[in-house]
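The structure appears right after this line, and notes come after that.
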Amino acid sequence: MRLRPLGRTGFTVSEIGFGAASWWGKPRFPERSALALVHAALDGGVTVFDTGASYSAGQAEPRLGRALRGRDTSNLLVATKAGTFAEGRRIGRDFTPAAIVASAERSLANLGLEALPLLQLHGPAIAELTDELLAALEGLKARGLVRALGVNSFDPAVIGYALGLPTIDVVMVDYNVLRPEREPLIARAAAAAKGVLAGMPLAMGHTGGQVTRLRGPQDLWYAARGLLRHRREVTSGARFGFLNRLPGMTGAQAALAYVLANRDVACAVMGTTRMGHLTENLAASELSLPVETLAQIRAAQAR
Ligand SMILES: NC(=O)c1ccc[n+]([C@@H]2O[C@H](COP(=O)([O-])OP(=O)(O)OC[C@H]3O[C@@H](n4cnc5c(N)ncnc54)[C@H](OP(=O)(O)O)[C@@H]3O)[C@@H](O)[C@H]2O)c1
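Under our numbering, the sequence shown has 19 at position 29, and the numbering climbs by one with no breaks.
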């Protein structure tokens, strides 16, 4: 597994990260399988584990804590998020300083850590990034409870704004073959010495025909999520079917290699519930995208 620096944070991270979210964190996905994936990721050299207070209806973060129990976490970038929380089947939002501090303290307990390597605000509006909130975040750092601070948003205006905030060390953006328009923003982030994490690097599986691949209950869930909330990915993902017919690499590996070809990205944080997929994805760290494949991707993006 190759490593990259994460901006100015002082962390060096694996270029493939594990997303502890979605189906992985749900009680319907067996605990044993979920923990086995994290352990295999650790064995494969993954040092980035990304979760959030609201992920999997609040179940993902404590599950990640159980998976890491007894493991050496000293060189890991365990990243979590605050500002959203599970409220039954709904996701609530609260970006007040008190709520963010309380959320960080709960995350420490859930994850079994003495300090959070990375705390990210989860989808804030620009108006919510108040001086009071930024001071509260700095306060968490000063108390030694948080090492680095980030913003996760799929709204380029929010990320653009966060790049101008000295308090923010890291941004997590949605970057994959379907999102070449993020590239100028990522370049700006790197120029501002911010670490860049790529979330959704596999376009949620939609370049691999996720909605037509129904082999387990998680596939139904991912297909429903795609059809209800991510129609654009489902439709435009179909243009990238050629990625699944390349010699020498799978479609998922090509998708990850595309993200990692951008040297301003520190880590591609992917989600999986299958050991075979995990193995395949970790191996993508050693692969380079052939120039002709990159040209095909650019042509498909331009269509
Ligand atoms: N999506 C968001 O809205 C969002 C927001 C903020 C942050 N993030 C971060 O980004 C991480 C990843 O996002 P994500 O899980 O939504 O999207 P993703 O990593 O782009 O895609 C996950 C999908 O790809 C499939 N997949 C994984 N490896 C595969 C392989 N080798 N071959 C075929 N299919 C494969 C997974 O199915 P299997 O389970 O079958 O492998 C799953 O359906 C999250 O865990 C989180 O940490 C995401």
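No residue lacks a Cβ here, since even glycine has one placed at the ideal position from N, Cα and C.
With C-beta atoms as the reference, is A72 less than 8 Å away from A47? no
Taking the alpha-carbon of M194 as reference, which of V3, W13, G0 has the nearest alpha-carbon? For M194, the nearest C-alpha among the options comes from W13.
I'd like to know if the stretch 241 to 256 and the stretch 39 to 56 are in contact, where contact means that at least 3 CB-CB pairs between them fall below 8 Å. no
From what residue to what residue does the beta strand (DSSP E) around Q110 run? 106 to 112
Given T157, which residues of its chain have a CB within under 8 Å of its CB, disregarding the five upstream and five downstream residues? L124, L127, E128, L139
How long is the line joining the alpha carbons of M260 and R235, rounded to whole angstroms? One alpha carbon belongs to M260, the other to R235, and they sit about 21 Å apart.
Taking all protein chains shown into account, do 16 or more other C-beta atoms lie within 10 angstroms of the C-beta of D40, making it buried, or fewer, making it exposed? buried
Would you grab the beta carbon distance between E137 and L108 for me? Rounded to a whole angstrom, and I think it's under 8 Å. According to the sequence shown, residue 137 is Arg rather than Glu. About 7 Å; that satisfies the 8 Å criterion.
Could you tell me the boundaries of the beta strand (DSSP E) in which T2 lies? 2 to 4
Out of M190, S97, L277, S64, state which residue places its alpha-carbon closest to the alpha-carbon of H220. M190
Would you kindly report the start and end of the unbroken alpha helix (DSSP H) that includes I287? 281 to 292
Only counting the same chain, and skipping five residues up and downstream in sequence, which positions put a Cβ closer than 7 Å to that of A183? G(-3), R(-2)
Are there three or more Cβ pairs, one per stretch, closer than 8 Å when the stretch 54 to 67 is compared with the stretch 10 to 26? yes
If you follow the beta strand (DSSP E) that L67 is in, where does it begin and where does it stop? 67 to 72
Between the C-alpha atoms of V36 and L(-7), what's the straight-line distance to the nearest angstrom? 9 Å
Can you tell which of A115, I287, G238 has the C-alpha that lies nearest to the C-alpha of N166? I287
Would you kindly report the start and end of the unbroken alpha helix (DSSP H) that includes D164? First-last for D164: 160 to 164, but that is the beta strand (DSSP E), not the alpha helix (DSSP H).
Just the C-alpha distance for G42 and L217, rounded to the nearest angstrom, thanks. One C-alpha to the other measures close to 23 Å.
Check the C-beta distance from E118 over to F85 and give it rounded, since I have them as a contact under 8 Å. 4 Å
Could you check which residue in V160, A179, V3 has the C-alpha nearest to that of V141? The alpha carbon of V141 has as its nearest neighbour, out of V160, A179, V3, the alpha carbon of V160.
For the putative contact between T269 and L233, defined by C-beta atoms under 8 Å, what is the C-beta separation to the nearest angstrom? That pair is no contact at about 18 Å.
Can you tell me whether DSSP reads P(-5) as helix, strand or coil? Residue state, collapsed to three classes: strand.
Among the candidates A105, E171, H267, F144, whose CA atom is the shortest distance from the CA of V163? F144
Distance between A213 and N271 (C-alpha atoms, nearest Å): N271 and A213: Cα-Cα distance of roughly 20 Å.
Since L54 is in the alpha helix (DSSP H), which residue starts that stretch and which ends it? Per DSSP, the unbroken alpha helix (DSSP H) holding L54 starts and ends at 50 to 58.
If we count the other Cβ atoms within 10 Å of its Cβ and call it buried at 16 or more, is G114 buried or exposed? For the sequence presented, residue 114 should be read as Pro rather than Gly. Result: buried.
With respect to the alpha helix (DSSP H) encompassing L139, which residues constitute its N-terminal and C-terminal limits? Per DSSP, L139 is not a residue of any alpha helix (DSSP H); the beta strand (DSSP E) it occupies stretches across 136 to 142.
Using the C-alpha atoms, what's the distance from V148 back to P280? Each residue's alpha carbon lies about 33 Å from the other.
Out of D209, R264, A274, state which residue places its alpha-carbon closest to the alpha-carbon of M239. Residue A274 is the option with its Cα nearest to M239.
Cβ-based burial, A285 [other Cβ within 10 Å; buried from 16]: exposed
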